[in-house]
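4 protein chains.
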Amino acid sequence: MKNSFGSSVTVTLFGESHGAAIGAVLDGIAPGIEIDEDFIAGQMSLRRAVGKISTARQEEDKVRIVSGVFNGRTTGTPITFIIENQDTRSRDYGELAYKVRPGHADYTANVKYHGFQDFRGGGHFSGRITAGLVAAGAVAIKALATKGITIGTHILSCAGINDRGFENIPEDIARLNGIEFAVLGDGVKEKMIAAIESARDDGDSVGGRLETAVYGFPAGVGEPWFDTIESVLSHILFSIPAVKGVEFGEGFALTELRGSQSNDAFYSEDGEVRTKTNNCGGILGGITDGMPIIFRTAVKPTPSIYKDQQTVDMNTGENTTLTIKGRHDPAIIHRARVVVDSAAALVLCDQLALRYGTDWLAEK
Amino acid sequence: MKNSFGSSVTVTLFGESHGAAIGAVLDGIAPGIEIDEDFIAGQMSLRRAVGKISTARQEEDKVRIVSGVFNGRTTGTPITFIIENQDTRSRDYGELAYKVRPGHADYTANVKYHGFQDFRGGGHFSGRITAGLVAAGAVAIKALATKGITIGTHILSCAGINDRGFENIPEDIARLNGIEFAVLGDGVKEKMIAAIESARDDGDSVGGRLETAVYGFPAGVGEPWFDTIESVLSHILFSIPAVKGVEFGEGFALTELRGSQSNDAFYSEDGEVRTKTNNCGGILGGITDGMPIIFRTAVKPTPSIYKDQQTVDMNTGENTTLTIKGRHDPAIIHRARVVVDSAAALVLCDQLALRYGTDWLAEK
Amino acid sequence: MKNSFGSSVTVTLFGESHGAAIGAVLDGIAPGIEIDEDFIAGQMSLRRAVGKISTARQEEDKVRIVSGVFNGRTTGTPITFIIENQDTRSRDYGELAYKVRPGHADYTANVKYHGFQDFRGGGHFSGRITAGLVAAGAVAIKALATKGITIGTHILSCAGINDRGFENIPEDIARLNGIEFAVLGDGVKEKMIAAIESARDDGDSVGGRLETAVYGFPAGVGEPWFDTIESVLSHILFSIPAVKGVEFGEGFALTELRGSQSNDAFYSEDGEVRTKTNNCGGILGGITDGMPIIFRTAVKPTPSIYKDQQTVDMNTGENTTLTIKGRHDPAIIHRARVVVDSAAALVLCDQLALRYGTDWLAEK
Amino acid sequence: MKNSFGSSVTVTLFGESHGAAIGAVLDGIAPGIEIDEDFIAGQMSLRRAVGKISTARQEEDKVRIVSGVFNGRTTGTPITFIIENQDTRSRDYGELAYKVRPGHADYTANVKYHGFQDFRGGGHFSGRITAGLVAAGAVAIKALATKGITIGTHILSCAGINDRGFENIPEDIARLNGIEFAVLGDGVKEKMIAAIESARDDGDSVGGRLETAVYGFPAGVGEPWFDTIESVLSHILFSIPAVKGVEFGEGFALTELRGSQSNDAFYSEDGEVRTKTNNCGGILGGITDGMPIIFRTAVKPTPSIYKDQQTVDMNTGENTTLTIKGRHDPAIIHRARVVVDSAAALVLCDQLALRYGTDWLAEK
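Residue numbers (our numbering), protein chains in the order written: chain A, -2 to 361; chain B, -2 to 361; chain C, -2 to 361; chain D, -2 to 361.
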C-alpha cells in the first residue's frame, strides 16, 4: 500500500496542492464515537496558522465529511473528509514546472513519475496534504480521549531558541491544546517568532524540533518485531514532509550515557509498576510500559526560500539559477505540531484496536 | 503482521534466546541469485563478535538453510534459516523469572504476554534474535550487490569516542566490510575498546551511534505517503533492540540551520543530476535522489549491568534489589553494526522489488 | 485493512447509500496512463442500467475526479472518485430502521456496529457502493488495455435461462463490451428479460451466474501461497454483495471428472506453450499459464422482494412481518457484470505491478 | 506478502517436497493456550493418510516445535514447526525436470522462476507443503475450541459417490473429527474407496467436493469490503493445491432460486436472533450472523496419473509424450479435508483476533 497506513485503523491521503480537492479516508474507527466538528475545525485552524510568519495563501480548509458519520457519531465504516482547494494561484508556478527546487521533492517526483506528476505547488508532496491527516487525526485524538489518553506537542527548539521540556505532563498537554503557538516556557513564543521573522526578512527560513508526550496510554501494547511502538510511530512521522529525525525518550543523548545512568529503575506504588526516570520514553522492547510516551521530531528548515539557488533545468538538462516567488512559510514548525499530534493519534488508535479489538475505544 | 516485515521481499523472525532454535524466513527474493554460504557465515561471525568486550556465551551460530535454495541459487520461494541454540545455561536465570531487569523488556513482556513469555535470557526479546535477521540480510546484501549497490556501517561514536565521518563513500564502505571492529579513523578502534573495557571494569555498559551509507541506489524509489524511504528504514531500524533514535542526512543538526544552508543545490554533470551537498541523506520527499543514502542510529547502553539496581518482584509486587549475574556485553554497538546493514538491505531489496518488479535484482 | 484492497495497486471504497457521497480512492496506478472520461461514464451507465428491470432510483452517477489526474493522464498519486448522492428518498426507510430484511446485511450490520450504522438503504452495504469500484475499475481496464489485455463478462444463466459459453474469446469479449445486456447467444437477452419481468410481476427476484474471460494476460503471474491468482480474484469477487460462489475453469464440474479428462495437455506451437483444453481456467498452481483466465461467479437473487417476510423487530426483539416498499431490482445480474469486470481488472493490475514493477503497465 | 497470510494471526509456509525440511511459522496466537502435541500428531496423521489409496511415500511427519511454546503453552511469539523430509527418492524425477506435467504447476513454476525452481516432486508446489499448514492449523483449531467453536469437513462427493449433507451440525462435526475417512452417511466410505481404487486400477485419478461446517462462531465478525468472511476464507482455500471452486451456503444452487426461496427468514427465540434456513451459510453482507458457517470446496482430480500424456519438453521446446512413474495418489480428497479444516481455523482465529483483540481466544 502506498498512501494508506495502519492495520485495523487506517488512513488514506489524497490530493494535490493545486488540484480540485484534498482529503482523507479514515477507516476502522470504532462505531459510536461522537464527531466534534468544532474540534476538527479548530485543529484545521491550528494547522493553517494564518499569520505573518505563515504562508499568505488563503484557504478556508472547510472539512466536509461525506461518509461514515450518522447522527453525529461514527458508524464504523470509512469516514471521508474532503477539503476543496480554493485559493490556487497556479500562475505563480510557471518556471517551477521544470526548474527543480533544492530541498523539495520536485526532482525526485520528476524521476519517479516520469514527468507526469502535478508539479503545481509541489502537487501531492505539498505540506497542504497534511490537512487531510489533521482532519482524520482530530477524530483519532477524540477517540483516544474517550479512554483518558491525551497527547500534546510543543516546539522544543526553533531557530536557536529553546523551550523548556515537559514537567507535569498532563497539565502541560492540557495547556498546549489550548494555544496557537505551542511552547511551554514563558516568553519563548515572542523570542521564537522574532527569530522566524528575522529569517523571513533575510529571505530565508528556519526549522526546529518538536517534542511530543502521550499520557495515559496502557502498558503492554506493541510488538517485539517489527511493529514496535517506535517503529510504527516513526513510520508515520517520517512521512510528514520535512521530518528528518525521530528519537524516543532521551534518544541520541542516551548514547553518551552508561547503562547505570540510562536504565530506568522500576518501583511499585499503589499496586502499579512505574519507572523513576523515563529515559526510554515509555517504551521497552518496543512495548509500552505505562509511563508517558515521549518522542522528538526534527523538522528541517522550509526549503522554499527567496534567495537565489543553483539548480538544473529539467527541460534542457542545463545548470541554472532559480528565484522562487509566490507565497511561502519562513517556518512550518508551529504548523507541523498539530500534524505530529494527528499522526501519532492515528497510529496509537490502530495499535489499541489491534490489541484490544476494533470496538474497544468506544466501549464504556 | 507482527514478526514479519516487507511487502514484496519479506522477512519473518522466530525463536527465543534459550529455546531450541532461532531463525528467519526470507521470502520474495528473486530466483537465480547465488547463495554465498561463506559470506553468510562471515556476517554471522561479525554479529557474534566473540572477544573480551562481548558476551562469553559460546554459540557457533551455524546457519542451516532448509528451503528456497537449489543448486546453490535462490529458487524464488521462501528461504528458511535455522540456527540451533547450543550454549543455553538456563540455570543463570532463576531470579530473573520474576525480578524484571531495568532497561530490558522483562516487564513489558510480562504485561503483554500475561506471564506466559519465555523469560529465559530475554526470550524473544533477546538480541540473539537478530542472528536470523543477519542471515537473511546476508542474502539481501548480496542481491543488492548484483546491481552494484553497496552498504556499510561504522561506529560513529561510542563511550564518548568519535570516529571520523564518511569521506569517499564507496571506498569507506569497502573498507568497513572487511574489518571486525567497524571504524574509519586511525587509532579509533583502540580508544573505543579501551573505553568499553573501562565501563566493563566498572560493572557498567556503554552505547553509541552508528552511521550507515548506501551507495549506488537508484533515484526515484520510495513513496510520498506513507512508505517514504525514511519511513520504511526507520520502521525496521527501530525494531532492532536498543535503538532509540534514527536520523537521515544531517538529521537533528538540520534544525539548527537556515534553509539557505540546509538545501542541497542541484547541478548537472555528465548528463546526471546530483546535489553539491547531501544534507538530506539522499532522500527528498521520501524518495531517493540518487545520492548516497545516509542515516544514523542511536544505540542505548546495554541494559544488563552488574551494578545493583532497584526493581520490582513481579511475584510479590514488592520493591526489591536486583543483581544481575551471567554473561553480558558491556557494549553491543560493534555487533549491532552488521544488524543495521542487514535490516537496511532487506528493506531496500523490498523497495526495489516493489518499484521494478520481483525479478529485477536478478536480471542481467 | 478493511475497505481497502491490493498491495501495489489498491482501491479504497467509501460511502453510504443515502449519505452525502460515495466514491473510491485508486492508488498505485502507473503514471502517464490516459484517463478516458467517456469510458468511465459508459461503465457507470452499464452499472446503473436504468430500465424497467432495474431500480427506479434516479442517480446520474456523475463521477468527479478530484486528485491524481493532471493534463488528462494519471500522475501516479491517488486518484479519487467522488459521486454525489442525489435521489435519496430516505422517507422510504422508516420501518427498515429496526425490522431487519432477510437476505440483507441489516441484522449483521446491527450486531457489528452496535446500532450505529447508517441503515438507510442498506448504508455501506448497499450495492450502490459498487459505483466507486466501477469508476476505479474503468481506469484499471484501460490500463490493462495498454498491454493488450482485455476482459469481458456475460450472464451465463439467469432465472433458469442459459447463455452459450465463450467460443472465440477475444471476439466475444469485444462484443460484450459494446452491449448493455451482456449475453452472447442469439435471443437470450429477450428470454432472460422476460423471466426477470415475470419474477418482478410476482413481487419476487432472481439471481444468476456470470462468466468472465481475461485474454492476453501473461504467463507466470501469481504466487503458490497465499496469493494465488484464484485467491486474489476470489477475495475481491466475494466482496461484491450477493456473490456466494466462485469457480475457475471448469470448477465444480471438475470434481466429476477423472484426471485423464481434467488435465490440460500441453503443446508447443510457434514457440509458445499452450494447452489443448483450458479446464484449469488459465491458472496452474495458482500461477497464470498464458491461456485465458476463466471464472464464474454465483449471484444470489436480490433479497429485496415485495412478498411479506418473517423477521425480527430489533427494537422489541419480537417476531414480526416485514413488507418492503420502495424501489428495488428484481435482478442485479445484468448490473453486476460490470462490477465483476472492474473488480477483476483492479486485482490483475495489482498482480502485474507486483510482478513487473509499478510502472510496467505504462511502459511502451 | 507471498507465503504468509493473515493480519493479526498469521501463518507463513516454507519448504520443498524434496528439500531438507518443510514447515510453518504461526504468529499472533494468544499467549497461554495449551499445546496438545498428540492432537497435532493426530492431524498430521489424518493428512498423511497412509493406506492403499494414498501415496506410498513414507514420511513420519514428526513435527518439531522450535519456538513460541514454553511450559506447554503458547507464549504469544511466533511458533515454528519444522518437519524434516526423510523419504525423498529424487531419482524418480529425472525426466520430470524438463517434461512439464499436465495439470501440475511444473510449467507455470518454470515460467515464474525462470527454471531456478526446485522441480523435484513439485518443489514448493507439492501438496506436501500443506503439512506445515496442518501443524499450524491444529493449534488454531484448539484455540477456537477454547471458545466452544468447532469445525468439521466431510467428503460430500467423490468419484460420483455422494455423502449425505450436514444434519445435526455439532454432532456431525464431533463424529468427523474422530474418523479417518471423513464421511457422514452409512456405507459411503466403502463405495467411495471402491471408486477410488477403480480409478487407480485404470492408472487414473478422481476429485471431489468437500463440505465444511463451523459451529459456535459469534455473529458480527467480518467486513463489508474487502475482508468479508467469504473473501478471507476463499483466499486461503484457493491457495490449497487442486482447489478450483468455493461456495458458501447454497452457493451456485442459489442462482436457480427466487429471492422468496433463497432469503433466510429471521426469528427470535430465547432472546437470540436466528434464521429458519441457512442458505446464506451463516454470512450476510460478508459478516457472520451467528448461524453455522457452511462452505463447499471443489477439489480437482489429482493430476499425477499413469496414463501417457502429451506435453512439451522445456529443454527442446518440442512436443513429447510423458509417462509418470513414482508414487502418486489416485485421490487426495480424503487427505485434503484436514487441510481445509486447518486453513479455515487459521483464518477464523485471525478474524476473531482482529475483532476482539489479540488475547481474546485465551481469555476465560
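Here a beta-carbon is modelled for each residue, glycine too, at the ideal position from N, C-alpha and C.
Computed from a predicted structure; not experimentally measured.
**OP:** Return the first residue and the last residue of the beta strand (DSSP E) that Y212/B is part of.
**Re:** Note, Y212/B: beta strand (DSSP E), G205 to Y212.
Original post:
DSSP state of D261/D, grouped into three classes?
Top reply: The three-state reading of DSSP puts D261/D in coil, since its state is none of H, G, I, E or B.
Subject >> Members of the stretch 285 to 301 of chain A that neighbour chain B once the beta carbon cut-off is set at 9 Å >> reply: Taking 9 Å as the Cβ-Cβ cut-off against chain B, the residues of the stretch 285 to 301 of chain A that qualify are T285, D286, G287, R293, A295, V296, K297, P298, T299, P300 and S301.
**OP:** My understanding is that I152/D touches G205/D, with C-beta atoms under 8 Å, so please give their C-beta distance in whole angstroms.
**Re:** Confirmed, Cβ separation roughly 6 Å.
Original post:
Which ranges would you report for the beta strand (DSSP E) in the stretch 4 to 81 of chain B if only whole runs of at least 3 residues count?
Top reply: Here the runs fully enclosed are 7 to 12, 18 to 24, 61 to 64 and 76 to 81.
Original post:
What's the call for I176/D, buried or exposed, on a 16-neighbour Cβ count within 10 Å?
Top reply: The residue in question, I176/D, is exposed, as its Cβ has fewer than 16 Cβ neighbours within 10 Å.
Original post:
Listed from N- to C-terminal order along the chain, which residues in the stretch 45 to 75 of chain D have their beta-carbon within a distance smaller than 9 Å of any beta-carbon of chain B?
Top reply: Those residues of the stretch 45 to 75 of chain D that come within reach of chain B (Cβ to Cβ, closer than 9 Å) are R61, I62, V63, S64, G65, V66, F67, N68, R70, T71, T72, G73, T74 and P75.
Original post:
Is A333/A closer than 9 Å to A156/A when the C-beta atoms are compared?
Top reply: A156/A is not a Cβ neighbour of A333/A, given a cutoff of 9 Å.
Subject >> Beta-carbon spacing of V203/A, I193/A below 9 Å >> reply: Going by C-beta atoms, V203/A is nearer than 9 Å to I193/A.
Subject >> chain B contact for R352/C (CB, 9 Å cutoff) >> reply: The beta-carbon of R352/C is placed less than 9 Å from the nearest beta-carbon of chain B.
Original post:
In chain C, what lies closer than 8 Å to T7/B by C-beta?
Top reply: In chain order: nothing, as chain C lies at least about 11 Å away.
Subject >> Beta-carbon neighbours of T77/B, restricted to chain D and to distances below 8 Å >> reply: Counting only Cβ-Cβ distances below 8 Å, T77/B has contacts in chain D at F11, G12, A18 and G20, in chain order.
Original post:
Out of V296/D, G213/D and D24/D, which has the shortest C-alpha to C-alpha gap to V243/D?
Top reply: The candidate whose alpha carbon is nearest that of V243/D is V296/D.
Original post:
What residues of chain B sit near I28/D, judged by a beta carbon separation below 9 Å?
Top reply: Sequence inspection shows Pro at residue 28/D; the Ile mentioned does not correspond to that position. Ordered by position in chain B, the residues that pass the 9 Å Cβ test against P28/D are K109, Y110, H111, G112, F113 and Q114.
Original post:
According to the Cβ coordinates, are T9/C and D24/A closer than 9 Å?
Top reply: A contact, by the Cβ cut-off of 9 Å.
Original post:
What number of angstroms, rounded off, separates the C-alpha of A142/A from the C-alpha of A359/D?
Top reply: Taking the straight line from one Cα to the other gives about 28 Å.
Original post:
At a CB-CB cut-off below 7 Å, which residues of chain C make contact with S4/B?
Top reply: Chain C residues near S4/B: S4.
Original post:
Looking at the C-beta of A196/A, does it have a partner C-beta in chain B at a distance below 9 Å?
Top reply: So, interface residue.
**OP:** For G25/D, go through chain B and note every residue whose CB falls closer than 9 Å to its CB, in chain order.
**Re:** Neighbourhood of G25/D in chain B, by CB distance below 9 Å: M(-2), K(-1) and N0, in chain order.
Original post:
Nearest chain B C-beta to A359/D closer than 9 Å, yes or no?
Top reply: Using a CB distance cut-off of 9 Å, A359/D counts as an interface residue toward chain B.
Original post:
What first and last residue would you give for the beta strand (DSSP E) that runs through N316/A?
Top reply: Taken as a continuous stretch (DSSP letters only), the beta strand (DSSP E) holding N316/A covers N316 to L319.
**OP:** Pull up the CB-CB distance for S5/D and T355/D, whole angstroms please, since I reckon it's below 8 Å.
**Re:** Indeed, because the Cβ distance is near 6 Å, the residues count as touching under 8 Å.
Original post:
List, in order along the chain, the chain A residues whose C-beta lies closer than 7 Å to that of H232/C?
Top reply: Per Cβ cutoff of 7 Å: no residues; H232/C is ~15 Å from chain A at best.
Original post:
Is it a yes or a no for the stretch 64 to 82 of chain B touching the stretch 233 to 247 of chain A, going by three-plus beta-carbon pairs under 8 Å?
Top reply: Contact between the stretch 64 to 82 of chain B and the stretch 233 to 247 of chain A is absent: fewer than 3 CB-CB pairs across the two stretches fall below 8 Å.
Original post:
Any beta-carbon of chain A closer than 9 Å to the one on G213/C?
Top reply: Chain A contact via Cβ: absent.
Original post:
Is it the case that the Cβ atoms of H15/A and D103/A are separated by a distance below 9 Å?
Top reply: No.
Subject >> Cα-Cα separation, F249/D to F214/B >> reply: Distance between the alpha carbons of F249/D and F214/B is about 52 Å.
**OP:** Tell me, to the nearest whole angstrom, how far the beta carbon of G145/A is from that of Q348/A; I am working on the premise that it is less than 8 Å.
**Re:** Wrong, their Cβ atoms sit about 16 Å apart, outside the cutoff.
Original post:
Does any C-beta atom of chain B lie closer than 9 Å to the C-beta of R255/A?
Top reply: At least one chain B Cβ lies under 9 Å of R255/A.
Original post:
So, does the CB of G120/A fall closer than 9 Å to a CB anywhere in chain C?
Top reply: Closer than 9 Å: yes.
Original post:
Do the stretch 27 to 37 of chain D and the stretch 122 to 140 of chain D meet, that is, are 3 or more Cβ pairs less than 8 Å apart?
Top reply: In short, these stretches touch, since the Cβ pair count reaches three.
Original post:
DSSP on D310/D, reduced to helix/strand/coil?
Top reply: Reduced to three states, the DSSP call for D310/D is strand.
Original post:
Mind checking if T355/C is an interface residue toward chain B, Cβ cutoff 9 Å exclusive?
Top reply: Output row for T355/C: interface = yes.
Original post:
Going by other Cβ atoms of all chains shown within 10 Å of its Cβ, with 16 needed for buried, is T150/C buried or exposed?
Top reply: Buried, because 16 or more other Cβ atoms sit within 10 Å of the Cβ of T150/C.
Original post:
Of all the CB atoms in chain B, is at least one closer than 9 Å to the CB of D160/A?
Top reply: No, D160/A lies away from the interface with chain B (no Cβ there is under 9 Å from its Cβ).
**OP:** Compare the C-alpha of G314/C against each of D267/D, E56/D, L345/D and V211/D and name the closest.
**Re:** Ranking the options by Cα distance to G314/C, first place goes to D267/D.
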